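**Student:** Per the working numbering: the sequence shown = residues 32 to 284. Please read through the structure below; I'll follow up with questions.
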Amino acid sequence: TAQRLSIQMAVNGLRPIPISMDDYYKNRVDSPRKADGSYDFECLEAIDLELFNEHLQRLLAGEKVKMPKYNFRTGCREYRGNELQLQENSVLVIEGIHGLNEKLTPSVPAEHKIKIYVSALTPMSFDEYNRIHTTDMRLLRRMVRDSQFRSHDAETTLRTWSDVREGEEKYIFPYQSSADIIFNTTLIYEFAVLKKYAEPLLRAVPQSAGMAYTTARRLLNILSYVKPLEDEVIPNNSILREFIGGSVFKDAL
């Protein structure tokens, strides 16, 4: 969405500069931990706020900044020679789950920001009594993406899903009302596209996985009602490409 928005800005004579908050994650060993000792990747403090705001201030001052790239496989930030510098009519497009939280960008006055809330708000039902829950759609998206780009199996995604949901309740939903624009990214056919990627992952979840196994069987049951759709018909600039691969926006992955 950030990439497509940037293209539309460019068409209208602006110079968009997309920045992903994922690239400002602290190195995994430095990430905050929960009371049980596990890493808390959902909290605002998992982001290196000091470095991010330093880069914002330098960019807004017209300086050239060496941008980090987070390696999800190694859990470390890297520098790969990418440099950014604002030009005339430049606009920063910042993407991340904490984007609506003013604590993310205290160095930028509120009147200089437009906040966009992007979410998958599933409008589908099987019948008058059984609807497809928005959380299930987002879980399948995440599972496929984690497998394609983050070397995670379905069991790992299912085990950490409760942490993601807890993080949403704490760090995203309370700030929805501050959004200037709300955008629904759900596509009516995406279950059919995700089906061929998700089913093998879900079938691989062992019975010994407990609740993860139970959730996997429930999701498999939902997918059994859907006929698969080959992804060759999906445009290379579709948001679905963020999860299944083949996106024209390679930098966004």
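Built from N, CA and C at the ideal position, the CB exists for glycine as well. Since we're looking at a predicted model, the values are computed, not measured.
Assuming aspartate 260 contacts tyrosine 220 under a Cβ cut-off of 8 Å, what Cβ separation, rounded to an integer in Å, is found between them?
**Tutor:** The count along the sequence shown starts at 1 and reaches residue 260 at position 229. The count along the sequence shown starts at 1 and reaches residue 220 at position 189. The sequence as given places leucine at residue 260; aspartate does not occur at that position. Sure, about 6 Å apart at Cβ, within 8 Å.
**Student:** Using the Cβ count rule (16 or more neighbours within 10 Å means buried), how would you classify aspartate 282?
**Tutor:** By one-based count along the sequence shown, residue 282 stands at place 251. Because aspartate 282 sits at a pLDDT of 48, beneath the cut-off of 50, its placement in the model cannot be relied upon, and the following sentence gives the value as read from the coordinates. Classification of aspartate 282: exposed, given that the 10 Å Cβ count is below 16.
**Student:** For histidine 143 and chain D, any beta-carbon pair shorter than 8 Å?
**Tutor:** Among the protein chains of the structure shown there is no chain D, as only one such chain exists.
**Student:** What is the DSSP secondary structure of glutamate 200, counted as helix, strand or coil?
**Tutor:** On the sequence shown, residue 200 is found 169 positions in, with the first residue counted as 1. Looking at glutamate 200 - three-state DSSP - the assignment turns out to be helix.
**Student:** Do you know whose CA, among Thr105, Asp194, His143 and Tyr70, lies nearest aspartate 54's CA?
**Tutor:** Residue mapping note: residue 54 aligns to position 23 of the sequence shown, counting from 1. Per the Cα distances, Thr105.
**Student:** How would you write the range of the beta strand (DSSP E) that phenylalanine 214 sits in, first residue to last?
**Tutor:** Counting from 1 along the sequence shown, the entry for residue 214 is found at position 183. Unbroken beta strand (DSSP E) run through phenylalanine 214: 212-215.
**Student:** Return the residue from the list Asn58, Gly127 and Glu197 that minimises the CA-CA distance to glutamine 34.
**Tutor:** As a working mapping, residue 34 is identified with position 3 in the sequence shown. Nearest C-alpha to glutamine 34: Gly127.
**Student:** Measure the beta-carbon distance from threonine 216 to alanine 151 and round it to whole angstroms, keeping in mind my assumption that it falls under 8 Å.
**Tutor:** One-based indexing of the sequence shown puts residue 216 at position 185. One-based indexing of the sequence shown puts residue 151 at position 120. So it is a contact: roughly 5 Å between Cβ atoms.
**Student:** Hey, how far is the Cα of leucine 91 from the Cα of glutamate 142?
**Tutor:** Translated into the one-based positions of the sequence shown, residue 91 becomes position 60. Translated into the one-based positions of the sequence shown, residue 142 becomes position 111. The alpha-carbon atoms of leucine 91 and glutamate 142 are separated by roughly 15 Å.
**Student:** Could you tell me which of Glu81, Pro99 and Asn120 sits nearest to valine 42, measuring between CA atoms?
**Tutor:** By one-based count along the sequence shown, residue 42 stands at place 11. For valine 42, the nearest C-alpha among the options comes from Asn120.
**Student:** Exposed or buried, isoleucine 275, counting other C-beta atoms within 10 Å across all chains shown (16 or more means buried)?
**Tutor:** Stepping through the sequence shown from its first residue, residue 275 is reached at position 244. Isoleucine 275 comes out buried.
**Student:** For alanine 283, name the three-state secondary structure that DSSP assigns.
**Tutor:** Working through the sequence shown from its first residue, we reach residue 283 at position 252. Legend: pLDDT at alanine 283 = 40, less than 50; position of this residue unreliable, value from coordinates given subsequently. DSSP places alanine 283 in helix when its eight states are reduced to three.
**Student:** From the DSSP output, which residues share a beta bridge with cysteine 74?
**Tutor:** The residue labelled residue 74 in the question sits at position 43 within the sequence shown. Cysteine 74 is not bridged to any residue.
**Student:** Pairs of beta-carbons, one from the region 105-117 and one from the region 56-63, closer than 8 Å: are there three or more?
**Tutor:** Short answer: they touch.
**Student:** Where are the beta strand (DSSP E) runs, 3 residues long or more, that stay fully inside the region 100-149, in chain order?
**Tutor:** Counting only runs of 3 or more, we get 107-115 and 121-126.
**Student:** For valine 175 and alanine 247, which I take to be in contact (beta-carbon distance under 8 Å), what is that distance rounded to the nearest angstrom?
**Tutor:** Locating residue 175 in the sequence shown gives position 144, counting from the first residue. Locating residue 247 in the sequence shown gives position 216, counting from the first residue. About 13 Å separates the two Cβ atoms, so there is no contact after all.
**Student:** Taking the alpha-carbon positions, what's the lysine 144 to isoleucine 125 distance?
**Tutor:** Your numbering for residue 144 matches position 113 in the sequence shown. Your numbering for residue 125 matches position 94 in the sequence shown. Approximately 10 Å, taken between the alpha carbons.
**Student:** What is the residue span of the beta strand (DSSP E) that isoleucine 50 lies within?
**Tutor:** What you label residue 50 is simply residue 19 of the sequence shown in a count that begins at 1. Run containing isoleucine 50: 46-51, per the beta strand (DSSP E) assignment.
**Student:** Thinking aspartate 211 and lysine 146 are a contact (beta carbons under 8 Å), I'd like their distance in whole angstroms, please.
**Tutor:** Numbered from 1 along the sequence shown, position 180 holds the residue referred to as residue 211. Numbered from 1 along the sequence shown, position 115 holds the residue referred to as residue 146. Aspartate 211 to lysine 146, Cβ: 5 Å. Contact.
**Student:** Out of curiosity, what's the CA-to-CA distance linking lysine 226 and phenylalanine 280?
**Tutor:** Along the sequence shown, one-based indexing puts residue 226 at 195. Along the sequence shown, one-based indexing puts residue 280 at 249. Their Cα atoms are separated by approximately 23 Å.
**Student:** Going by beta-carbon coordinates alone, are leucine 45 and valine 122 separated by less than 8 Å?
**Tutor:** Reading the sequence shown from its first residue, position 14 is the one you call residue 45. Reading the sequence shown from its first residue, position 91 is the one you call residue 122. Yes, Cβ-Cβ distance for leucine 45 and valine 122 is below 8 Å.
**Student:** Please state whether the Cβ-Cβ distance between asparagine 113 and lysine 100 is less than 8 Å.
**Tutor:** As a working note, residue 113 is residue 82 in the sequence shown. As a working note, residue 100 is residue 69 in the sequence shown. Contact flag set, yes.
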